[in-house]
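What the sequence shown shows, in full-length UniProt numbering, is residues 1 to 245, in sequence order. Where is the CB? At the ideal position from N, CA and C, for every residue including glycine. Since we're looking at a predicted model, the values are computed, not measured. Below is one structure, written out as structure tokens; the observations come after it.
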Amino acid sequence: MNRLAEILDEATLSGRAVPKLTDMVPLDVPAAYEVQRAGIERRRSRGERLIGVKMGFTSRAKMAQMGVDDVIWGLLTDTMLVESHLDTGGLIHPRIEPEIAFLLDRPVRTPSDAVAAVGGVAVGYEVIDSRYRDFDFTLADVIADNASACGFGHGPWRPLGDVGNVGLLMEIDGRPVASGSSAAILGDPLRSLTAAARLAQAAGIELQPGWVVLAGAATAAVPLPCGAHVRVSAAGLGHVEVTTR
Ligand code: OOG
Ligand code: MG
Numbered sequence: 001m002n003r004l005a006e007i008l009d010e011a012t013l014s015g016r017a018v019p020k021l022t023d024m025v026p027l028d029v030p031a032a033y034e035v036q037r038a039g040i041e042r043r044r045s046r047g048e049r050l051i052g053v054k055m056g057f058t059s060r061a062k063m064a065q066m067g068v069d070d071v072i073w074g075l076l077t078d079t080m081l082v083e084s085h086l087d088t089g090g091l092i093h094p095r096i097e098p099e100i101a102f103l104l105d106r107p108v109r110t111p112s113d114a115v116a117a118v119g120g121v122a123v124g125y126e127v128i129d130s131r132y133r134d135f136d137f138t139l140a141d142v143i144a145d146n147a148s149a150c151g152f153g154h155g156p157w158r159p160l161g162d163v164g165n166v167g168l169l170m171e172i173d174g175r176p177v178a179s180g181s182s183a184a185i186l187g188d189p190l191r192s193l194t195a196a197a198r199l200a201q202a203a204g205i206e207l208q209p210g211w212v213v214l215a216g217a218a219t220a221a222v223p224l225p226c227g228a229h230v231r232v233s234a235a236g237l238g239h240v241e242v243t244t245r
């Protein structure tokens, strides 16, 4: 597992894509999560800290875009949090997608703890950058690759209200590039939060106060060029912006 994690880690650090792992070795979902964990351990040994989790393929738009059909998760570290600028120079082929983010203010040990542990909700975005050539992967490959996690940002935290049908709009340089509703995320992004708690419990990971949970994109992802200004807004949640260079 460590050798496979190293291949993906080197692709991340060098900004050079690799063929998918399943072209070389058989990999099932449990083994893929072991590769993911080994990759996270490599990041932690470089001093990175866990700050949350991300859910993937929680909307049909994403499943259809990437050709996979199961909900997955990945882990977020502090170096992935983007403030207002992102350098795309070292990335492979970044894409951006609108997300709903939850902030936990209590530990989550079981799925039934999850909703009561939410301290805030925000509009967010995720920058994904598959380490695989042409974003070509199977479910196991993308799990091993920490669900293509690369960067994320969020707007101001708001008290949790009904987020079951929030309109989302993503614009690049003032042009709308994606729009949808939070209802696309498993019917309600809170279901994605509960699913995150379930996956965490199964993995023996306790979600921590201060952690962020990205519920998954409501729309397909779009290519993120250098020198772009991206704005994602959500009805009632304000907006978040990022500039690439
Ligand atoms: C995998 C990441 C999926 C989401 O929000 O559905 C994801 C990918 O699309 O490469 O982050
Ligand atoms: Mg995402």
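- For P176, the enclosing beta strand (DSSP E) has its first and last residue at R175 to S181.
- Leaving aside the five residues that flank D141 on each side, the residues in its chain whose CB is nearer than 8 Å to its CB run, in chain order, K20, L21, T22, L27, A32 and Y132.
- Around the beta carbon of L91, a 10 Å sphere encloses 16 or more other beta carbons of the protein chains shown; the residue is thus reported as buried.
- Taken from the Cβ of M80, every heavy atom of the ligand OOG lies 7 Å or farther away.
- Its Cα nearest to that of G47, the residue D78 stands out among P159, F57, D78 and D70.
- Closest by C-alpha distance to H229, out of L214, R245 and G216, is R245.
- Ranked by how close their Cα comes to the Cα of D188, the residues N165, V240, V177 and H93 have N165 in first place.
- Checking the 7 Å criterion, the Cβ of S148 is within range of a heavy atom belonging to the ligand OOG.
- In this structure, the alpha-carbon of T12 lies about 35 Å from that of L160.
- Around the beta carbon of G236, a 10 Å sphere encloses fewer than 16 other beta carbons of the protein chains shown; the residue is thus reported as exposed.
- Counted as a single uninterrupted DSSP element, the alpha helix (DSSP H) harbouring P189 occupies residues P189 to A203.
- DSSP places L207 in no alpha helix (DSSP H); its state is neither H nor E.
- Among the bridge pairs identified by DSSP, E97 is matched with E126.
- Burial state of S14 is exposed, judged by a 10 Å Cβ sphere holding fewer than 16 other Cβ atoms.
- Residue side-chain check: F152 keeps its Cβ at 7 Å or more from all non-hydrogen atoms of the ligand OOG.
- In this structure, A234 keeps its C-beta atom at 8 Å or more from the C-beta atom of V213.
- For A17, the CB contacts under 8 Å within the same chain, skipping 5 residues up- and downstream, are A11, I92, H93, S130, R131, Y132, R133 and D134 in chain order.
- Note on geometry: alpha-carbon atoms of E241 and V127 lie some 12 Å from one another.
- The ligand OOG has no heavy atom closer than 7 Å to the beta-carbon of A195.
- The DSSP-derived three-state label of A38 is helix.
- Cβ atoms of T219 and P98 come within 8 Å of each other, at about 6 Å.
- Listed as beta-bridge partners of G153 by DSSP are Y125.
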